[in-house]
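Heads up: the structure comes next, in structure tokens.
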Amino acid sequence: MVRPKKYRFIGKKPQVDFFKPRGIPLSQLEEITLNVEEYESIRLKDVENLDQNKAAELMNVSQPTFSRILENARKKTADAIVHGKAIRIQGGVFRMVKRIFQCISCGNEWELLFGTGRPRNCPECKSTNIHRTNAMTGFRGGRRHHRNGRHGRRWD
Ligand SMILES: [Zn+2]
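Numbering (the numbering used here), first residue to last: 6 to 161.
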């Protein structure tokens, strides 16, 4: 029996999913594919400057697994840059995760990006009576569909 693959958590979807080098005819163009987990590992480590333990935790993987994903991602990207290959970002086994906070006092809900601290107050009524609701959407291999979050919450 093959163990089902665990979902990796992704905090931010790629804004651009294809990069093409200038001046190379299509017939000669080679392409590498980064999956979304590999993309996310570069974003967390090299753009957000998180340490590997924190980044691994955010992606729901062990630190050695994170390290392996990151190494693959860097090798592929380096290959593309040095050899003039196109980069496509697609595929993988992952879920989008957002940090959503809810105010108990006024019912206000708001979203924050990963890497920012936990807020103290509700931005609307300044109440400190707030809690976090994790929500996810299914987003696999480029097809997108919505799912209920851990606490049964739904978002679009
Ligand atoms: Zn409030």
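Backbone N, C-alpha and C fix where the C-beta goes; we use that ideal spot for every residue, glycine too.
- Item | Where Glu116 falls, given that 16 or more other Cβ within 10 Å makes a residue buried | exposed
- Message: Taking 8 Å as the cut-off, does the region 102-109 touch the region 80-89 (at least 3 CB pairs, one atom from each stretch)?
- Response: no
- In chain order, what residues have a CB nearer than 5 Å to some heavy atom of ligand 1? Cys108, Ser110, Cys111, Asn113, Cys127, Glu129, Cys130, Ser132
- Message: Per DSSP, what are the beta-bridge partners of Leu117 in this structure?
- Response: Arg104
- Does the distance from the C-beta atom of Gly97 to that of Glu62 stay below 7 Å? no
- Based on the DSSP output, what are the partners of Leu39 in its beta bridges? Ile94
- Starting from Thr138, follow its DSSP beta bridges and name the residues at the other end. Ile105
- Query: Which residue or residues does DSSP assign as beta-bridge partners of Ile3?
  - Reply: Nothing can be reported for residue 3: it is not among the residues displayed for the chain, which extend from 6 to 161.
- Task: May I ask you to list the residues that DSSP assigns as paired with Phe71?
- Result: Looking at the DSSP assignment, Phe71 forms no beta bridge with any residue, so it has no partner.
- Item | Identity of the residue in Asn113, Asn40, Arg137 nearest Cys127 by Cα | Asn113
- Item | Beta-carbon contacts of Pro19 that lie in its chain and below 8 Å, excluding the five residues immediately before and after | Val41, Tyr44, Ile94
- Item | Spatially closest choice to Val21 from Gln33, Leu39, Ser32, by CA coordinates | Leu39
- Expressed to the nearest angstrom, what Euclidean distance is found between the alpha-carbon atoms of Ser32 and Lys90? 12 Å
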